[in-house]
Amino acid sequence: MQLAEETPSHIIMPAIHKNTGEISKLLHEKTGTDLSNDVEYLTAAARLQLREKFMNADVGVSGVNFAVAETGTLCLVENEGNGRMTTTVPKCHIAVTGIEKVVPNLEDVSALLALLTRSATGQHITTYFNMISAPRKAEELDGPEEVHVVLVDNGRSSIYQDDELLDTLRCIRCGACMNHCPVYTRVGGHTYGTTYPGPIGKILMPHLIGLDEGRHLPSASSLCGACGEVCPVKIPIPDLLVRLRQESVDGDKLHPAKVRGHGAKRSAVEA
């Protein structure tokens, strides 16, 4: 996606909209690899080039799937190994995570991990499950010399103040709602024009960018309920979509706005 100067179209499978031939042509034009539909060759060529970048990097930046308050452990779930390279090879590791990813205890992670992997890819466990609790110690041979954690709020605290909307923060980013959404599966992730597409994007992004910019997102749904049925953490996505639709057209100035951009879609003509 970076070589193509595109954004991901899916939160778990970012290049799902590209086929093997398109990827082969892109790698050939950008990196000089041979044109080939041999997936093993393309993977090996990408690995060879990426390893050099990892080895020469001064800083590795990663996300976090779960952050454990009890032990300070950062948990990263992946299948490719790039996350492990990013967090162990460079001298400095910077982990960026939303505040909703923090869980109280280490034992809480096991249930969440099982839900995430099964709902995302159908695996019992991913190929790599990384647990980072500290920088490299004197007797250890690998790992970063520094680890920095950046906790991102960006509107999440305001969501937490609402008894109904706070369900949005339970999302574990498995992508199950997107895989079953009849709208997403037909139009693709880029249509939404936001970081998070699909059903979860339609309820999360209005909080992060405001309804004045994301006013149309809650309406990009048939309200069939499939997203709510498959959500492993039982987020009532259809109910929240209806709530945000109401917020986007509500003109009641006597009650404080719950979402930034409250009433942005309201039309004086319709009123």
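Residues in the sequence shown are numbered consecutively from 32, following the numbering used here. Ideal Cβ placement from N, Cα and C applies to all residues, glycine included.
Given Ser252 as reference, the closest of Leu242, Ile231 and Arg167 once Cα atoms are compared: The shortest C-alpha separation from Ser252 is found at Ile231.
Helix, strand or coil at His128 according to DSSP, with G and I counted as helix: Going by the sequence as given, residue 128 is Thr instead of His. DSSP places Thr128 in strand when its eight states are reduced to three.
Exposure label - Asn16; buried when at least 16 CB within 10 Å: The requested residue 16 does not occur in the structure, where the chain is confined to residues 32 to 302.
Burial state of Asp198 (16 or more Cβ within 10 Å): Looking at its Cβ environment, which holds 16 or more other Cβ atoms inside 10 Å, Asp198 is buried.
Segment contact, 8 Å Cβ cut-off, at least three pairs: the segment 111-119 with the segment 169-180: The segment 111-119 is in contact with the segment 169-180.
Euclidean distance between Cα positions of Glu60 and Pro213: As the crow flies, the alpha-carbon of Glu60 is around 34 Å from that of Pro213.
Residues bridged to Cys106 [DSSP beta-bridge criterion]: Bridge partners of Cys106: Phe97 and Met162.
Residue from Asn87, Phe85, Ile130 and Thr148 whose Cα sits closest to the Cα of Leu105: When each option's Cα is compared against that of Leu105, the closest is Ile130.
DSSP beta-bridge partners of Leu182: For Leu182, the pairing in a beta bridge is given by DSSP as Thr128.
Residues bridged to Gly91 (per DSSP): BP columns for Gly91 point to His124.
Best match in Asn161, Glu111 and Glu101 for proximity to Pro135 [C-alpha to C-alpha]: Ranking the options by Cα distance to Pro135, first place goes to Glu101.
Three CB pairs or more closer than 8 Å across the segment 201-208 and the segment 134-154: The answer is yes - the segment 134-154 touches the segment 201-208, with three or more Cβ pairs under 8 Å.
Contact under 9 Å by Cβ, Val133 with Leu182: Yes, the pair counts as a contact, with Cβ atoms nearer than the cut-off.
Nearest neighbour of Thr128, chosen from Val140, Asn161, Ser93 and Leu147 [CA to CA]: Closest option to Thr128, judged by alpha-carbon separation, among Val140, Asn161, Ser93 and Leu147: Ser93.
7 Å Cβ shell around Val90 - same chain, five flanking residues per side excluded: Excluding positions up to five away in sequence, the list reads Pro121, Cys123 and Ile125.
Proximal residues to Thr64 (C-beta, below 6 Å), its chain only, five neighbours per side dropped: In the same chain as Thr64, and ignoring 5 residues on each side of it, the C-beta atoms closer than 6 Å to its own belong to Leu58 and Ala76, in chain order.
Which residues DSSP lists as bridging Glu177, in chain order: DSSP output for Glu177 lists Cys123 as bridge partner(s).
Any 3 or more C-beta pairs closer than 8 Å across the segment 41-49 and the segment 69-87: Contact between the segment 41-49 and the segment 69-87 is not established, with fewer than three Cβ pairs separated by less than 8 Å.
Residues near Thr51 in its chain [Cβ-Cβ closer than 6 Å; skip 5 each side]: So the list reads Asn68, once near-sequence residues are dropped.
Assumed close pair Gly294, Asp281 - CB separation to whole angstroms, cut-off 8 Å: Rounded, the Cβ-Cβ distance is 5 Å, consistent with contact.
Beta-carbon proximity check, Leu137 vs Val180, cutoff 9 Å: Against a cut-off of 9 Å, the Cβ pair of Val180 and Leu137 comes out as no contact.
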